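In what follows, a single structure is set out as structure tokens and then discussed.
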Amino acid sequence: MNFPFLDMNEIAVFALILIRVSVILFMFPVFGSNLIPLPVKAGLSLLLTLYLTPIVQVNPQSFPGTVLEGGLMILCEAVMGLTLSLIVSFFFAAVQVGGQLVGYQMGFAIANVFDPVSGGQMSILSNFAFWVTLVLFIVLNGHHIFIRALAHSFEIVPVGHLYAGRSIMPSMIKLSTDMFTLALQIAGPAIVALLLVNAAFGIVAKVVPQINILIVAFPINVGMGLFFFGVSLQLILASMKAHLDEWERVLHSIMTVFGA
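Residues 60 to 319 (the numbering used here) make up the sequence shown, in order.
What follows is the structure, given as structure tokens:
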């Protein structure tokens, strides 16, 4: 049966765009978790694809002539989507790692909670910091930056094209380094304060062995850890706009490598 009103090239473009968009959204923090029903994920992916399809410029000569070429184009779109979603995950992982480090130092190593986003166990502080960061991410229009970067990716890396002549490893290594640097900036003050408190309690335990240090130290560790973690988190999140701008530049640089 023939459908003259259907253009196979347009269907191919729509399908390839849908693959890139779907991979990114299904791997996006929170949205890719089990908290969001599958029909909602699929519906939003479809809406974004419908929005992007008319504005994406595609060379008709680039369409696959064989099944192998079509499979390679699908693979290129999936790799591009995975890379962009990984960059977004790094941004949130920095705050989570900082909360995890402070939580362990406070004695919350066994007081983990189930994280519905990742599907695993997470420190209470790490979970709290993640949701605070997510709220600020939305308030500061981080999702707008993400959608803009997604649309821009089709200009830098055309549909079905993925240039692998240059390595993205330097950019990814720098991104990982920045993630751990931000995590240490968040956790550093609390960790140093808790180390000093524990050292002081160690001296007290030697001088006055009758004191039950475990009972006395735990609430003080919790109070000091929460205080310094809150201060450092507030300072870092206050400059979150600058972090979002840097994140957008990293996105652009990595997409440029793919589209070189």
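We put the CB at the ideal spot given by N, CA and C, even for glycine.
Computed from a predicted model, the values in this text were never measured in an experiment.
Residue-level contact to chain D via CB, residue i, 8 Å cutoff
i: L84; result: Among the protein chains of the structure shown there is no chain D, as only one such chain exists.
Within 8 Å, strictly: CB atoms of residue i and residue j
i: G140; j: I78; result: yes
i: M132; j: L75; result: yes
i: F205; j: L184; result: no
i: T161; j: A259; result: It should be noted that the sequence gives Val, not Thr, for residue 161. The answer is no: Cβ separation not under 8 Å.
i: K300; j: L199; result: yes
i: L292; j: A153; result: no
i: V147; j: F213; result: no
i: Q249; j: F277; result: The sequence as given places Ala at residue 249; Gln does not occur at that position. The answer is no: Cβ separation not under 8 Å.
i: G157; j: S182; result: no
i: G201; j: L303; result: yes
i: A101; j: Q155; result: no
Residue i versus the options, residue with shortest Cα-Cα distance
i: K233; options: I313, F90, L94, N271; result: I313
i: N257; options: V275, Q244, W190, T240; result: V275
i: L106; options: V89, S230, V80; result: V80
i: I114; options: V138, V82, V154, V72; result: V72
i: H220; options: F187, V138, Q244; result: V138
i: L310; options: Q155, M238, S144; result: S144
i: I197; options: F90, T315, E69, Y110; result: F90
i: Q244; options: L97, S182, R308, I295; result: I295
i: S298; options: T192, L255, P229; result: T192
i: M308; options: S230, V218, T112, P98; result: As written in the sequence, residue 308 is Arg, which differs from the Met given in the question. If we check each option's Cα against that of R308, S230 comes out closest.
i: Q116; options: L134, P98, E69; result: E69
i: R207; options: L195, W190, Y110; result: Y110
i: V82; options: L127, H203, L134; result: L134
Same chain, Cβ closer than 8 Å to residue i, five either side skipped, listed in chain order
i: I263; result: With the sequence shown as reference, residue 263 is identified as Val, and Ile is not the correct amino acid for it. Contacts found: I270, I272.
i: N61; result: Note that N61 scores a pLDDT of 49, beneath 50, so its modelled location is shaky; the value from the coordinates is reported in the next line. Here the set comprises nothing.
Neighbourhood of residue i by C-beta distance below 6 Å, restricted to the same chain and skipping five residues each side
i: W306; result: F150
i: T108; result: I76, L77, V80
i: E136; result: L75, I78, R79
i: F64; result: Here F64 scores only 49 on pLDDT, less than 50, and its place in the model is too uncertain to base an answer on.
i: P217; result: none
i: P268; result: none
Spatial neighbours of residue i in its chain, beta-carbon cut-off 7 Å, leaving aside the 5 residues before and after
i: L253; result: Q164, M165, N280, M283, G284
i: L103; result: L84
i: T315; result: I215
i: T333; result: Since the displayed the chain opens at 60 and closes at 319, residue 333 lies outside it and no answer follows.
Distance cut-off 7 Å: residue i Cβ against heavy atoms of the ligand PLP
i: I95; result: The ligand PLP is absent from the structure shown, which contains no ligand whatsoever.
Can you check the segment 184–251 for any alpha helix (DSSP H) of at least 4 residues that lies completely inside it and give the ranges in chain order? 201–215
(Q) Report the start-end ranges of each beta strand (DSSP E) in the segment 72–102 that is 3 residues or longer and not cut off at the edges. (A) none
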